[in-house]
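Presented below is the structure to which this report refers.
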Amino acid sequence: MPGHVDRLGETRPGLTTVAAPERGATRIADRVVAKIASQAAREALPPPPPDAVPPHATVVVRRQTSGSGGPGDAPTHSARVRVSLELGYPSDIGAHCSAVRRHVAERVRALAGMEVPEVAVQVERLHLAHGPGTAQGRTQ
């Protein structure tokens with residue numbers, strides 16, 4: 170293979186192409202995927218009530234290789250996500266949960282390159298909206 174002459178006039182060996190499996194892989198930590206999921210949940214929801222805890226997520230990442238495990242097989246990763254959040258009430262809880270599921274799956278797929286077969290949304294608390302004309306205290 171012919172060499173390459175750099176600007177100082179020195180000859181260097183030519184560049185070679187290394188196959189993807191031989192270059193290695195980037196491993197994204199589970200906590201990073203959880204932070205991506207938490208941020209995506211915040212993006213999908215309207216502004217929270219002032220006393221609400223921001224959404225948080227836990228993630229289980231499965232790392233595996235596709236196919237027979239030969240040198241040409243690329244690793245495939247999937248993340249199962251559980252998001253806990255608090256919502257204002259009254260609101261369309263089902264629509265908010267659906268929006269969170271969809272947005273979390275899209276963002277984790279786009280930013281971490283992982284498939285997301287499951288996003289479980291857990292509503293931990295509902296915050297009653299206190300506006301003019303609404304009763305304070307307990308609601309039955």
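Numbering (the working numbering), first residue to last: 170 to 309.
C-beta atoms are modelled at their ideal positions from N, C-alpha and C, and glycine is treated no differently.
Please read all numbers here as calculations on a predicted model, not as lab measurements.
Beta-carbon proximity of residue i to residue j, cut-off 8 Å
| i | j | result |
| --- | --- | --- |
| S247 | R271 | no |
| S267 | H225 | no |
| A203 | T227 | yes |
| L256 | L295 | yes |
Buried versus exposed call for residue i [16 or more other C-beta atoms within 10 Å across all chains shown]
| i | result |
| --- | --- |
| P286 | exposed |
| L177 | exposed |
| M283 | buried |
| A279 | exposed |
| G239 | With a pLDDT of 49 at G239, under the threshold of 50, the predicted position of this residue should be treated as unreliable, and no value is reported. |
| P188 | Just to set this straight, residue 188 is Ala in the shown sequence, not Pro. So A188 counts as exposed. |
| S237 | Because the pLDDT of S237 is 49, which lies under 50, any placement of that residue in the model is unreliable, and the number read from its coordinates should be weighed accordingly. Exposed: under 16 other Cβ atoms inside 10 Å. |
| V273 | buried |
| A194 | exposed |
| V229 | exposed |
Sheet register partners of residue i (DSSP bridge)
| i | result |
| --- | --- |
| S267 | Beta-bridge pairing links S267 to no other residue. |
| E284 | S247 |
| S253 | H225, Q291 |
| L297 | Y258 |
| R278 | Partner(s): none; R278 has no beta bridge. |
Assumed close pair residue i, residue j - CB separation to whole angstroms, cut-off 8 Å
| i | j | result |
| --- | --- | --- |
| R251 | A289 | 5 Å |
| A206 | V292 | With 8 Å as the limit, A206 and V292 do not qualify as a contact, their Cβ atoms being about 16 Å apart. |
| V269 | A213 | 5 Å |
| V211 | P223 | First, the amino acid is wrong: residue 211 is Arg here, not Val. That pair is a contact at about 6 Å. |
Runs of alpha helix (DSSP H) wholly within the region 182 to 211 (minimum 4 residues, chain order): 189 to 192
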